[in-house]
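Structure, as structure tokens:
There are 2 protein chains.
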Amino acid sequence: MSETAPWLDDEEMTSWLSVIGVVMRLPSALDGQLRRDADLNYFEYGVLAALEHAEEQTMRMSDLAFVCNGSLSRLSHVARRLEGERLIARYACPTDGRSTLATLTDGGRERLATAAPGHVRLVRSLIFDELDRDEMRQLGDLAKRLLTRIQT
Amino acid sequence: MSETAPWLDDEEMTSWLSVIGVVMRLPSALDGQLRRDADLNYFEYGVLAALEHAEEQTMRMSDLAFVCNGSLSRLSHVARRLEGERLIARYACPTDGRSTLATLTDGGRERLATAAPGHVRLVRSLIFDELDRDEMRQLGDLAKRLLTRIQT
DNA sequence: TCCATTTCGTTGAAAGTTCAACAAATACTA
DNA sequence: TAGTATTTGTTGAACTTTCAACGAAATGGA
Chain A
-12 MSETAPWLDD EEMTSWLSVI GVVMRLPSAL DGQLRRDADL NYFEYGVLAA LEHAEEQTMR
48 MSDLAFVCNG SLSRLSHVAR RLEGERLIAR YACPTDGRST LATLTDGGRE RLATAAPGHV
108 RLVRSLIFDE LDRDEMRQLG DLAKRLLTRI QT
Chain B
-12 MSETAPWLDD EEMTSWLSVI GVVMRLPSAL DGQLRRDADL NYFEYGVLAA LEHAEEQTMR
48 MSDLAFVCNG SLSRLSHVAR RLEGERLIAR YACPTDGRST LATLTDGGRE RLATAAPGHV
108 RLVRSLIFDE LDRDEMRQLG DLAKRLLTRI QT
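Those protein sequences? They're chains A and B, same order as listed.
Take the first sequence: its position 112, counting from 1, is numbered 99 in my numbering, and each next residue is one higher.
Take the second sequence: its position 50, counting from 1, is numbered 37 in my numbering, and each next residue is one higher.
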């Protein structure tokens, strides 16, 4: 990435603006519904949802941060808030003294149940109602390849 | 959007997780380079870039907010900062007393020139180096359709 | 073993964003 | 045209995220 790269041409720019438009606007669209329905933002929802799907409904903080696509610091602050609301609990990892394990509480499960139906409906209405199965698969495959690069 | 929607099946979920992964991680990847190279975040860069491409390098605040995919309030705060650094200037619109016009200054143009090469290189390395022309067109078309729904 | 390095998580402060309230100007309508 | 509603933009407070610094625990060589 050291040599001078050419600028984007018109066609590239058009595509890029659509992509970045989705990237910039989707989070606030999702946050809005979650805030109204369950007083959560998407990152908080993601934390609860990730824990629900995890074995024992428990994950290490750093793994949780990774699957939630956020920094460990961000997760740490959010975990403090969620713990304050008794939606998750944290305790020291018995096998690695550096690690902290986070687990979903009953309250967290309930809150997730409050948020989820509206969230799924919204995601359907914004994404899956617009794209058919094949298109969605294409989008997912392209996004997966980009994600590999971004995640470095 | 009122009836109970079915949950996402495995294939849908896999695609969705890739999409949301890009949505969540791309902004911080872009912010990092811009902060290092030119002490800007992506939203600020977008404001300067939008003005540069505008006629007279000038836009109404609310139009600017729209093309930058942000709220007017967010833009207003950012504009105050950018104006403080003399990267943009604001003045009342002569034809509509409610409106404010923002325009790029020489300093703003210079800052953009500092930021742009690295930014374009990064976007190329993350996006265009991974996808060929045809794939990028596909992605752009799919994203454009989603954007239409999200932008309501 | 000992020491340097890395990993893990938290913290407080700084920076940024959202939200609700507001004022000013324009547009609408009866 | 008077009164109401809408559009536009700003503001301050509350909230969230980032950044850099830190301590504790584990790892890896010499």
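Cβ coordinates follow ideal geometry from the N, Cα and C atoms, glycine included.
Being a predicted model, the structure only gives us computed values, none of them experimental.
Asked                                                                                                                                                  : Found
Alpha carbons only, please: which of A/ARG12, A/ALA25, A/ASP(-4) and A/LEU(-5) is nearest the one belonging to A/HIS106?                               : A/ALA25
So that I know if they touch, is there some Cβ in chain B lying closer than 8 Å to that of A/GLY19?                                                    : no
Within 10 angstroms of its Cβ, does B/SER(-11) collect 16 or more other Cβ (buried), or is it exposed?                                                 : Because B/SER(-11) sits at a pLDDT of 40, beneath the cut-off of 50, its placement in the model cannot be relied upon, and the following sentence gives the value as read from the coordinates. B/SER(-11) is exposed by the Cβ-count criterion.
What did DSSP end up calling A/ARG136 once you bin it into helix, strand or coil?                                                                      : helix
Can you list, in chain order, the residues of the segment 98 to 127 of chain B whose Cβ is nearer than 9 Å to any Cβ on chain A?                       : ALA103, PRO104, GLY105, VAL107, ARG108, LEU109, VAL110, ARG111, SER112, LEU113, ILE114, PHE115, ASP116, GLU117, LEU118, ARG120, GLU122, MET123, ARG124, GLN125, LEU126 and GLY127
How is A/ALA89 classed by DSSP in three states: helix, strand or coil?                                                                                 : strand
When you compare only the Cα positions, how much space is there between B/ARG73 and A/LEU13?                                                           : 31 Å
What does B/THR1 reach in chain A if we use C-beta pairs closer than 7 Å?                                                                              : GLY127
With DSSP collapsed to three states, give me the class of A/ALA41.                                                                                     : coil
May I ask whether a heavy atom of the ligand ATP can be found less than 7 Å away from the beta carbon of B/ASP119?                                     : This structure simply doesn't include the ligand ATP, nor any ligand for that matter.
With 8 Å as the threshold, decide whether the Cβ of B/ASP28 is near any Cβ in chain A.                                                                 : Reading off the sequence shown, one finds Asn at residue 28 of chain B, where the question assumed Asp. False, the Cβ-Cβ gap to chain A never drops below 8 Å.
Apart from the five residues on each side of it in sequence, which residues of its chain come closer than 6 Å, Cβ to Cβ, to B/THR101?                  : ALA25
Out of A/LEU134, A/MET48 and A/ASP(-3), state which residue places its alpha-carbon closest to the alpha-carbon of A/CYS80.                            : A/MET48
Just how far apart, CA to CA, sit B/SER86 and B/MET46?                                                                                                 : 10 Å
Tell me the residue span of the alpha helix (DSSP H) that contains A/ILE114.                                                                           : From DSSP, A/ILE114 is part of no alpha helix (DSSP H); its letter is neither H nor E.
Whose C-beta lies closer than 7 Å to the C-beta of A/ASP116 among residues of the same chain, with five residues either side of it excluded?           : none
Using a Cβ-Cβ distance under 8 Å, would A/GLN44 count as near chain B?                                                                                 : no
May I ask you to list the residues that DSSP assigns as paired with A/ARG47?                                                                           : A/LEU88
Using a Cβ-Cβ distance under 8 Å, would B/ALA130 count as near chain A?                                                                                : yes
So, at 8 Å on beta carbons, what are the nonlocal neighbours of A/PHE30 in its own chain, with the 5 sequence-adjacent residues on each side left out? : CYS55, GLY57, ARG61 and VAL65
From A/THR1, A/GLN125 and A/ASP121, pick the residue whose C-alpha is nearest to that of B/GLU122; which is it?                                        : A/GLN125
Tell me, please, whether the CB atom of A/LEU13 is closer than 8 Å to any CB atom in chain B?                                                          : yes
Which residue spans inside the segment 51 to 107 of chain A form an unbroken beta strand (DSSP E) run of at least 3?                                   : 75 to 79 and 87 to 91
Within 10 angstroms of its Cβ, does B/MET11 collect 16 or more other Cβ (buried), or is it exposed?                                                    : buried
Does chain A have any CB closer than 8 Å to the CB of B/LEU38?                                                                                         : no
On a Cα-Cα basis, can you pick out the residue from A/VAL9, A/GLY8 and A/PRO104 that is closest to A/LEU21?                                            : A/PRO104
Around the C-beta of A/TYR78, are 16 or more other C-beta atoms found within 10 angstroms, so that it is buried, or is it exposed?                     : exposed
Along chain A, in chain order, which residues have C-beta atoms closer than 8 Å to that of B/ILE75?                                                    : Correct list: empty, because the minimum Cβ distance to chain A is about 20 Å.
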